[in-house]
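K.L.:
Here you go, one structure.
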Amino acid sequence: MNPSNNVERHPKTVNPDSSTFSLTVNGERHTLTLDNRTTLLDALREHLKLTGTKKGCDHGQCGACTVLVNGERINACLSLAVMHEDDDISTIEGAAEVDHLDPMQQAFVDHDAFQCGYCTPGQICSAKAVLEEIQAGLPSHVTKDLNAPIEISDAEIRERMSGNLCRCGAYANILKAINQVAEARS
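Residue numbers (the working numbering): 22 to 207.
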């Protein structure tokens with residue numbers, strides 16, 4: 022049951038091991054027939070050839086596979102593709118337009134927040150969601166006053182980005198990049 026529109030979603034079972042379902046990725050509708058055990062990450066990388074989303078730990082611990090599903094961030098390695106019937110999925114490939122980078126991508130470039138670049142797609146997707154979560158008033162574990170508007174602070178951003186690891190240690194630069202976009206929005 023999809024709580025947003027109360028419409029039941031049932032992928033069509035092709036055989037006991039696979040299903041056919043449709044989803045939208047970066048604005049483009051796709052119909053896939055996949056093994057029911059295929060993760061969203063593997064569907065994106067292996068079947069749709071969108072390799073920007075990275076496979077790091079494959080256990081939901083590093084955040085390299087972070088994508089946005091209906092505007093909310095998830096670890097694509099922990100979610101089965103078949104669960105995303107009719108969902109709207111955004112990956113790093115959908116962040117920029119042909120002629121210019123997304124503001125978050127540009128901020129990562131401006132602040133050298135990408136070093137080796139492996140975690141960057143997940144970091145950018147997560148960072149975009151962080152700012153949306155704060156704007157929507159969704160508290161984190163470090164939000165001080167649950168009855169007041171959430172203030173963007175380094176502690177708030179660090180807490181919300183804690184699920185995205187950077188082996189190069191570019192955390193200070195990532196924080197600067199997110200703050201740049203947050204300041205530009207305000």
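C-beta atoms are modelled at their ideal positions from N, C-alpha and C, and glycine is treated no differently.
Ordered along the chain, which non-local residues of its own chain (more than five positions away) have a Cβ less than 7 Å from that of His68?
P.N.:
What you label residue 68 is simply residue 47 of the sequence shown in a count that begins at 1. Excluding residues within five positions, the ones whose Cβ falls inside 7 Å are Leu53, Leu55.
K.L.:
What are the start and end residues of the beta strand (DSSP E) that includes Ser88?
P.N.:
Counting from one through the sequence shown, the residue named residue 88 turns up at place 67. Looking at the sequence itself, residue 88 is Val, so the reference to Ser does not match. Val88 -> beta strand (DSSP E) spans 87–90.
K.L.:
Give me the Cβ distance between Cys9 and Thr72, rounded to the nearest whole Å; I'm assuming they're in contact under 8 Å.
P.N.:
What is shown of the chain runs 22 to 207, which leaves residue 9 out entirely.
K.L.:
Do Ser111 and Asn15 come within 9 Å of each other at the CB atom, strictly closer than that value?
P.N.:
Because the chain spans 22 through 207 in this model, residue 15 falls outside it and cannot be assessed.
K.L.:
With 16 other CB atoms within 10 Å as the buried threshold, where does Ser207 fall?
P.N.:
On the sequence shown, residue 207 is found 186 positions in, with the first residue counted as 1. Burial call: exposed.
K.L.:
Pick from Thr164, Thr41, Glu180, Asn96: whose alpha carbon is nearest that of Pro142?
P.N.:
Sequence index remark: in the sequence shown, residue 142 carries index 121 (1-based). Nearest option by C-alpha distance: Asn96.
K.L.:
Report the three-state DSSP secondary structure of Ala191 (helix, strand or coil).
P.N.:
By one-based count along the sequence shown, residue 191 stands at place 170. In the structure shown, Ala191 sits in coil (DSSP, three-state: anything other than H, G, I, E or B).
K.L.:
Reducing DSSP to helix, strand and coil, say where Val46 ends up.
P.N.:
The residue you call residue 46 lines up with position 25 of the sequence shown. Of the three classes helix, strand and coil, the one that applies to Val46 here is strand, per DSSP.
K.L.:
For a test of the three-state rule: what should DSSP assign to Leu62, helix, strand or coil?
P.N.:
Here residue 62 is taken as the residue at index 41 of the sequence shown, counted from 1. Helix at Leu62.
K.L.:
Please report how far the alpha carbon of Thr59 lies from the alpha carbon of Ser40, in whole angstroms.
P.N.:
Taking the sequence shown and counting its residues from 1, the one referred to as residue 59 is at position 38. Taking the sequence shown and counting its residues from 1, the one referred to as residue 40 is at position 19. Computed Cα separation, rounded: 10 Å.
K.L.:
Mapping the DSSP letters down to three states, classify Lys149 as helix, strand or coil.
P.N.:
If you number the sequence shown from 1, residue 149 lands on position 128. It is helical.
K.L.:
Between the alpha carbons of Ala198 and Asp175, how many angstroms are there, rounded?
P.N.:
The residue given as residue 198 occupies position 177 in the sequence shown. The residue given as residue 175 occupies position 154 in the sequence shown. If you take the alpha carbons of Ala198 and Asp175, they lie about 11 Å apart.
K.L.:
The alpha helix (DSSP H) with Glu177 in it runs from where to where?
P.N.:
Numbered from 1 along the sequence shown, position 156 holds the residue referred to as residue 177. From DSSP, the alpha helix (DSSP H) with Glu177 extends over 175–181.
K.L.:
Please classify Ile95: does DSSP put it in a helix, a strand, or coil?
P.N.:
For this step, residue 95 is matched to residue 74 along the sequence shown. Here Ile95 sits in strand by DSSP.
K.L.:
What residues are listed by DSSP as bridge partners for Ser161?
P.N.:
On the sequence shown, position 140 is the one that residue 161 refers to. Answer by DSSP bridge pairing: none, since Ser161 is not bridged.
K.L.:
Using the beta-carbon count (16 or more within 10 Å), is Glu177 buried or exposed?
P.N.:
Here residue 177 refers to the residue found at position 156 of the sequence shown. The residue in question, Glu177, is buried, as its Cβ has 16 or more Cβ neighbours within 10 Å.
K.L.:
Could you pull out every residue in the same chain whose Cβ sits closer than 6 Å to the Cβ of Pro24, ignoring the five residues on either side in sequence?
P.N.:
To locate residue 24, count along the sequence shown from 1; it is residue 3. Its pLDDT being 49, under 50, Pro24 is placed unreliably in this model, and the value from its coordinates should be taken loosely. Correct list: empty, nothing qualifies.
K.L.:
Considering just the uninterrupted stretch of the alpha helix (DSSP H) at Asp120, what are its terminal residues?
P.N.:
Counting from one through the sequence shown, the residue named residue 120 turns up at place 99. It is not in any alpha helix (DSSP H) - Asp120 carries neither H nor E in the DSSP assignment.
K.L.:
Mind checking which residues open and close the beta strand (DSSP E) that includes Asp17?
P.N.:
Because the chain spans 22 through 207 in this model, residue 17 falls outside it and cannot be assessed.
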